[in-house]
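Novice: Starting off with a structure, shown below.
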Amino acid sequence: MSNKLRLGILASGGGTNLQAIIDRIQDGTLNAEIVLILSNKPTAGALQRGKLAGIPTLCIDQRHYKDRLDFDRSMVAALTEANVELVVLAGFMRLISDEFLDAFPNRIMNIHPALLPAFAGLNAQQQALQYGTRITGCTVHFVDAGVDTGPIIIQAAVPVLRDDTVETLSARILRQEHRIYPEAIRLFAEGRLRLVERRVHIDPPVAKPDEALLSPPLS
Ligand code: GAR
4 MSNKLRLGIL
14 ASGGGTNLQA
24 IIDRIQDGTL
34 NAEIVLILSN
44 KPTAGALQRG
54 KLAGIPTLCI
64 DQRHYKDRLD
74 FDRSMVAALT
84 EANVELVVLA
94 GFMRLISDEF
104 LDAFPNRIMN
114 IHPALLPAFA
124 GLNAQQQALQ
134 YGTRITGCTV
144 HFVDAGVDTG
154 PIIIQAAVPV
164 LRDDTVETLS
174 ARILRQEHRI
184 YPEAIRLFAE
194 GRLRLVERRV
204 HIDPPVAKPD
214 EALLSPPLS
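Take any residue in the sequence shown, note its place counting from 1, add 3, and you have its number in our numbering.
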């Protein structure tokens, strides 16, 4: 087996975050290998993107399973079989059972389109618009037993503009997602993330944290 970090990516949607990770692997920024792309939706664009990139894909259709635990067991079996070292949720719109968490302790990451702990759960961009915040963004975090409550690895902020719709705001957030998700995986791959209680320390500290980890200046 190579020394590349073995990623299993779970996605339910279009897969632009998956694509950003594929691109960073291909351009040599990220020393990792996607060994499996799993989706719960047969029509997920992520499966198409995986096939185009020559990556093994698997659809585990939840409709064919009697309950969530049964479904999760079959995902864990596929990820274990592929010797996955880090599970990456990239627009995976299902909750993860305790059994799944126990199979990959502190080895499941998620990206959420808001600055957690604000606007957890579904439709985070719409929540931010409705609430009227001036700033929102995205968060990469480790997954724990709660909904979007796990230890935060990287966040990036974007402005909310007066005429924003869910679509324009989501697009602005996605551009930052595509930047910080591969970066968080790179830090994990380099063994630089250390969990202290619920805080994630980065070893050694990044030289210019504002450049590496936070957003460009708001404009
Ligand atoms: C992303 O905005 C991601 O943050 C969000 O789904 C989108 C997936 O886009 N995830 C969640 O809302 C999870 N609760 P993609 O399929 O183009 O990567």
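Just so it is clear, CB atoms sit at the ideal spot from N, CA and C, and this is done for glycine as well.
With distances taken between CB atoms, is the gap from Pro59 to Val38 smaller than 8 angstroms?
Specialist: Translated into positions along the sequence shown, residue 59 becomes position 56. Translated into positions along the sequence shown, residue 38 becomes position 35. Against a cut-off of 8 angstroms, the Cβ pair of Val38 and Pro59 comes out as a contact.
Novice: Decide if the stretch 91-103 is in contact with the stretch 53-73; the criterion is three or more beta carbon pairs, one per stretch, under 8 angstroms apart.
Specialist: By the C-beta criterion, the stretch 91-103 is judged to be in contact with the stretch 53-73, since at least 3 inter-stretch pairs fall below 8 angstroms.
Novice: Determine contact between the stretch 125-134 and the stretch 159-170, defined as no fewer than three beta-carbon pairs at a distance below 8 angstroms.
Specialist: yes
Novice: Go through its chain and collect everything with a Cβ distance to Ser15's Cβ below 8 angstroms, but skip five positions before and after it.
Specialist: Taking the first residue of the sequence shown as position 1, residue 15 is located at position 12. Counting only Cβ-Cβ distances below 8 angstroms, and skipping sequence neighbours, we find Ser42, Asn43, Lys44, Ala47, Ala49, Gly94, Phe95, Met96 and Arg97.
Novice: Within 10 angstroms of its Cβ, does Glu214 collect 16 or more other Cβ (buried), or is it exposed?
Specialist: Here residue 214 is taken as the residue at index 211 of the sequence shown, counted from 1. In this prediction, Glu214 scores a pLDDT of 46, lower than 50, which makes its location untrustworthy; no coordinate-derived value is stated.
Novice: Between which two residues does the alpha helix (DSSP H) harbouring Gln128 extend?
Specialist: If you number the sequence shown from 1, residue 128 lands on position 125. Taken as a continuous stretch (DSSP letters only), the alpha helix (DSSP H) holding Gln128 covers Ala127 to Tyr134.
Novice: Please classify Arg201 as buried or exposed, where buried requires at least 16 other C-beta atoms within 10 Å of its C-beta.
Specialist: Your numbering for residue 201 matches position 198 in the sequence shown. When all chains shown are included, Arg201 counts as exposed.
Novice: Compute every distance between the C-beta of Glu170 and the non-hydrogen atoms of the ligand ATP, then say whether any falls below 7 angstroms.
Specialist: This structure simply doesn't include the ligand ATP; it includes the ligand GAR instead.
Novice: Cα separation between Ile138 and Leu118?
Specialist: In the sequence shown, the residue the question calls residue 138 occupies position 135. In the sequence shown, the residue the question calls residue 118 occupies position 115. Whole-angstrom Cα-Cα distance: 9 angstroms.
Novice: Just how far apart, CA to CA, sit Leu172 and Ile156?
Specialist: The residue given as residue 172 occupies position 169 in the sequence shown. The residue given as residue 156 occupies position 153 in the sequence shown. Rounded to the nearest angstrom, the two C-alpha atoms are 22 angstroms apart.
Novice: Once DSSP output is grouped into helix, strand and coil, what is the label at Ala106?
Specialist: Your numbering for residue 106 matches position 103 in the sequence shown. Reduced to three states, the DSSP call for Ala106 is helix.
Novice: What are the boundary residues of the beta strand (DSSP E) that Ala148 is part of?
Specialist: Here residue 148 refers to the residue found at position 145 of the sequence shown. It is not in any beta strand (DSSP E) - Ala148 carries neither H nor E in the DSSP assignment.
Novice: Alpha carbon to alpha carbon, how far is Leu8 from Thr83? Give it in angstroms, no decimals.
Specialist: In the sequence shown, the residue the question calls residue 83 occupies position 80. In the sequence shown, the residue the question calls residue 8 occupies position 5. Cα to Cα, the separation comes out at about 14 angstroms.
Novice: Thinking C-alpha only, which one of Ala35, Pro162, Thr19 and Asn109 is nearest Thr136?
Specialist: Start at 1 with the first residue of the sequence shown, and residue 136 comes out as number 133. Comparing Cα positions, the closest option is Pro162.
Novice: Could you tell me which whole alpha helix (DSSP H) segments of length 4 or greater appear in the stretch 36-66?
Specialist: 48-55
Novice: Rounded to whole angstroms, what is the Cα-Cα separation between Ala187 and Ala85?
Specialist: As a first step, residue 187 is located in the sequence shown; it is residue number 184 there, counting from the start. As a first step, residue 85 is located in the sequence shown; it is residue number 82 there, counting from the start. When rounded, the distance between both Cα atoms is 22 angstroms.
Novice: Rounded C-beta distance between His115 and Thr142? I'm assuming under 8 angstroms.
Specialist: Counted from its first residue, the sequence shown places residue 115 at position 112. Counted from its first residue, the sequence shown places residue 142 at position 139. That belief holds up - the Cβ atoms of His115 and Thr142 are roughly 5 angstroms apart, short of 8 angstroms.
Novice: Does the distance from the CB of Val146 to the CB of Ile183 come in under 8 angstroms?
Specialist: Here residue 146 is taken as the residue at index 143 of the sequence shown, counted from 1. Here residue 183 is taken as the residue at index 180 of the sequence shown, counted from 1. No, these two residues do not count as a Cβ contact at 8 angstroms.
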